[in-house]
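Okay, structure first, notes after.
Number of protein chains: 2
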Amino acid sequence: MVRRRPGAPTLEEVAAHAGVGRGTVSRVINNAAGVKESTRQAVQRAVEELGYVPNLAARSLAGQRADAVALVLTEPDWRQFAEPFFSEIVRSLGDALADTGMQLMLTLIRSETERQRFLEYARGGRVDGVLLMSVHADDRLPDMLADARLPTVLLGRRSGDEYVSYVDADNVGGARDAVSHLLKQGRTAIATITGPLDMYVAQCRLRGYQDALAQAGLMNSRSWVAESDFSEESGRRAMAELLERHPEIDAVLAASDTTAAGALHALRAAGRRVPEDVAVIGFDDFPLAERTEPRLTTVRQPLEEMGRAMVRLLMEEMEDQSEAWRHVILRTKLVVRESS
Amino acid sequence: MVRRRPGAPTLEEVAAHAGVGRGTVSRVINNAAGVKESTRQAVQRAVEELGYVPNLAARSLAGQRADAVALVLTEPDWRQFAEPFFSEIVRSLGDALADTGMQLMLTLIRSETERQRFLEYARGGRVDGVLLMSVHADDRLPDMLADARLPTVLLGRRSGDEYVSYVDADNVGGARDAVSHLLKQGRTAIATITGPLDMYVAQCRLRGYQDALAQAGLMNSRSWVAESDFSEESGRRAMAELLERHPEIDAVLAASDTTAAGALHALRAAGRRVPEDVAVIGFDDFPLAERTEPRLTTVRQPLEEMGRAMVRLLMEEMEDQSEAWRHVILRTKLVVRESS
DNA sequence: TTGAAAGCGCTAACAC
DNA sequence: GTGTTAGCGCTTTCAA
């Protein structure tokens, strides 16, 4: 199976065509300093005329680098992609990476086979670093990458004592702020719809919720807590459950804005007005919720900054061979929209 | 910037460790035939002991191939990702590619810069082929890839005389079938919500709709056609518009199931019952619509087959240097669910 | 400022 | 069956 166009011009041919040495051509195409302007132009003309394109495999081999980083998603439910959380992060990563001249490649891992294939790919040096999103607590992939001494940065921790480098939002603080806000509004019957509680992010948000209530000296029973899987449908179900248990509910902290959207539907179906009767606050900043409910308050995560921070940490790991871990936790911001 | 672990063992060291030649090690790690079992085991032991991982850049350079293909999305609106259309295709591509030992990498292209960067990447030989999704009519990327003699396969055509290899669904036939079905049900006031009419897929579906009506000798005025951008919101708007123009509407062919979901909302908001008063048929097979409206009929595209076909065409192009283009159009299937 | 030369680590063709 | 060897196309010293 011959896979590459056979007659592609090489650097050597360009050199011959321009009447210079190989090294000089290399310098020109890499924008290295120390080349006479006239020489540079002659080389550039030869490049144009021959339609020369550098062979990246050769460059990788000689330069010991791939000029590419992978963004890995182990989430089997790709519906996730729809979340602005995802697209914002990707956008931000793309922008941050643009300055470095690296190619961002997305990799979806759904099976053990794919996981192995990616590991070989990464350990084979096809990428200089790996960014991982939505890693579950029991996922060992980050460890395996770290063991292979590949620069690796997680978005979100797997647990409180994550040791692989990561960037995370202050989920405890965000939830606490949201609940405090509700308390200040005079709400007292505050329930919460959590994410999957085997995920650290969900645990943190639940903790923030509990902290704020405890601080206000309020009750804090499990019957005010319902679990969701971050989907709209599960939010709807959780809300219905909560309403059944506590019809007096006057506020809800939801796992995400998608979940919040589900909660909204359930509330409306039950004849409650939002936010007059029941206030709803979700995490992230889901445009859908924003569109259907512009007055909804949310806990906004600094997605743009989180992406940039991930790239920064990755670069630091690449530069520095000391294998130090770096952790960045970014503050969230409560965006208050409703007037009531 | 030193990016690769420096002390990684090479094939040469494995050979020395196992007391064999380089070629033998190469044969073993590539599962080539013609190696004595005892030798193979000795090599494998050496590989294990040294933690050897092949350098993929060297392999690429020597073997003239990358063992990777890119799936490119030029769609700036990543909300698309949510569609099962996308995730199903990716799943199917992943499965088909698994057999070939190739790595699938997703690439998102939003800006001209990213487009250029990807072109260099692909022309530099980092991928053996390119799969393109949701390409707009005025996108020149496929031509540029084809010019670079890179095996390229599109999902969907840019126009009726697309010449780059592609896999597409029979959109005209699908729409025609759907409308015929409605006519057979006794519906006569049939409107359609199209996709963006600068996309060939939308033109085809509109044509199928018109064909079926013409064949039945029915009127066919533009006032029964409303355009959407495949989103739920635009579907809702389009439906409202149509209802205003023609309150007597008793059926709608929608651009996609997402659009159909929007249409449903608009219909319900207007007090119509579905499918009793108004039948709705969309393309694809959107689970959301399925969940909220299990009785909804849809035009199902053979996504699984489409993915497999894409990989097949790509392989053929890689095998065959003759630069022939291959086109595959797959039949759609009307999945009838409502009883009325 | 530039050319020449030594690899980077692997595959594949060719000997033995 | 297995070892040897000649590249693959580039980057990067090292001289000139």
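Protein chains in written order, with the UniProt record's numbering: chain A, 1 to 340; chain B, 1 to 340.
Using N, Cα and C, we set each Cβ at its ideal position, and we do this for glycine too.
Start-to-end residues for the beta strand (DSSP E) that takes in residue i
i: A:G129; result: G129 to M133
i: A:E227; result: V225 to E227
i: B:I89; result: Careful: B:I89 lies outside any beta strand (DSSP E), inside the alpha helix (DSSP H) at P84 to A98.
i: B:L106; result: Q103 to L108
i: A:H327; result: H327 to L330
i: B:D168; result: Y166 to A169
i: B:F283; result: A279 to F283
i: B:A70; result: A68 to L73
i: A:T194; result: I190 to T194
i: B:L119; result: B:L119 -> not in any beta strand (DSSP E); alpha helix (DSSP H) instead, spanning E112 to R123.
i: residue 342 of chain A; result: This structure cannot speak to residue 342 of chain A, because chain A is shown only from 1 to 340.
i: B:L218; result: Run containing B:L218: none; DSSP gives neither H nor E here.
Contacts around residue i, its chain only, beta-carbon distance under 6 Å, and the 5 residues preceding and following it disregarded
i: B:I89; result: L303 and G307
i: A:V153; result: L131, S165, M310, L313 and L314
i: A:M199; result: none
i: A:V252; result: A191, A263 and V280
i: B:E290; result: Its pLDDT being 49, under 50, B:E290 is placed unreliably in this model, and the value from its coordinates should be taken loosely. Closer than 6 Å at the Cβ level, and outside the excluded window around B:E290, lies no residue.
i: B:V172; result: C204, R207 and G208
i: A:G160; result: none
i: A:R176; result: G208, D211 and A212
i: B:G156; result: D168 and V201
i: B:R27; result: V35
Integer Cβ distance of residue i from residue j, believed to fall under 8 Å
i: A:R126; j: A:A68; result: 7 Å
i: B:T194; j: B:S234; result: With 8 Å as the limit, B:T194 and B:S234 do not qualify as a contact, their Cβ atoms being about 10 Å apart.
i: B:L334; j: B:A178; result: 6 Å
i: A:D170; j: A:L330; result: 7 Å
i: A:M318; j: A:P151; result: 5 Å
i: B:R245; j: B:H265; result: In fact, because the Cβ distance is near 18 Å, the residues do not count as touching under 8 Å.
Span of the alpha helix (DSSP H) around residue i
i: B:D147; result: L141 to D147
i: B:T39; result: E37 to L50
i: A:H246; result: Where A:H246 is concerned, there is no enclosing alpha helix (DSSP H), given that its DSSP letter is neither H nor E.
i: B:T10; result: Unbroken run through B:T10: none, as it is neither H nor E.
i: A:Q64; result: First-last for A:Q64: undefined, no H or E at that position.
i: B:D211; result: Y200 to Q215
i: B:T24; result: R22 to I29
i: A:R300; result: Taken as a continuous stretch (DSSP letters only), A:R300 belongs to no alpha helix (DSSP H), being part of the beta strand (DSSP E) at T297 to R300.
i: A:A309; result: L303 to E319
i: A:L264; result: D257 to A269
Member of the options whose CA lies at the smallest distance from the CA of residue i
i: B:G7; options: B:V53, B:L93, B:I329 and B:A96; result: B:V53
i: B:G124; options: A:E37, A:A254, A:E48 and A:L56; result: A:L56
i: B:V164; options: B:A178, B:L183, B:D143 and B:G174; result: B:D143
i: B:V146; options: B:L155, B:G129 and B:D138; result: Checking the displayed sequence, the identity of residue 146 of chain B turns out to be Ala instead of Val. Among B:L155, B:G129 and B:D138, the Cα nearest to that of B:A146 belongs to B:G129.
i: B:D168; options: B:A226, B:E241, B:R337 and B:R326; result: B:R326
i: A:P247; options: A:S223, A:G262, A:A255 and A:A254; result: A:S223
i: B:T113; options: A:T74, A:A226, A:L253 and A:A96; result: A:A96
i: A:V47; options: A:V225, A:A178, A:T24 and A:D139; result: A:T24
i: A:T332; options: A:R300, A:S322 and A:A189; result: A:R300
i: B:M133; options: B:G21, B:R22, B:A70 and B:G34; result: B:A70
i: A:K184; options: A:R157, A:G174 and A:A212; result: A:A212
i: A:E49; options: A:V135, A:E75 and A:A18; result: A:A18
i: A:V274; options: A:I249, A:R91 and A:S228; result: A:I249
i: B:T74; options: B:M219, B:F118 and B:A202; result: B:F118
i: A:Q321; options: A:S180, A:R149, A:R187 and A:G186; result: A:R149
i: B:A261; options: B:D277, B:R245 and B:A238; result: B:A238
i: A:D277; options: A:R236, A:D229, A:G186 and A:V28; result: A:G186
i: B:A226; options: B:M219, B:Q44, B:L141 and B:P196; result: B:P196
i: B:E162; options: B:S180, B:R140 and B:A240; result: B:R140
Close-in-space but distant-in-sequence residues of the same chain around residue i (CB under 7 Å, 5 per side omitted)
i: B:G94; result: L104
i: B:E305; result: L330
i: A:R22; result: L11, E12 and A15
i: B:Q64; result: none
Neighbourhood of residue i by C-beta distance below 8 Å, restricted to the same chain and skipping five residues each side
i: A:L182; result: I190, A251, L253, A279 and I281
i: A:G101; result: D67
i: A:V20; result: T39, A42 and V43
Problem set entry | Touch test, the segment 267–279 of chain B against the segment 205–214 of chain B, Cβ-Cβ under 8 Å, three pairs minimum | no
Would you call the segment 36–44 of chain B in contact with the segment 94–114 of chain A, where contact means no fewer than 3 C-beta pairs closer than 8 Å?
Segments in contact, no.
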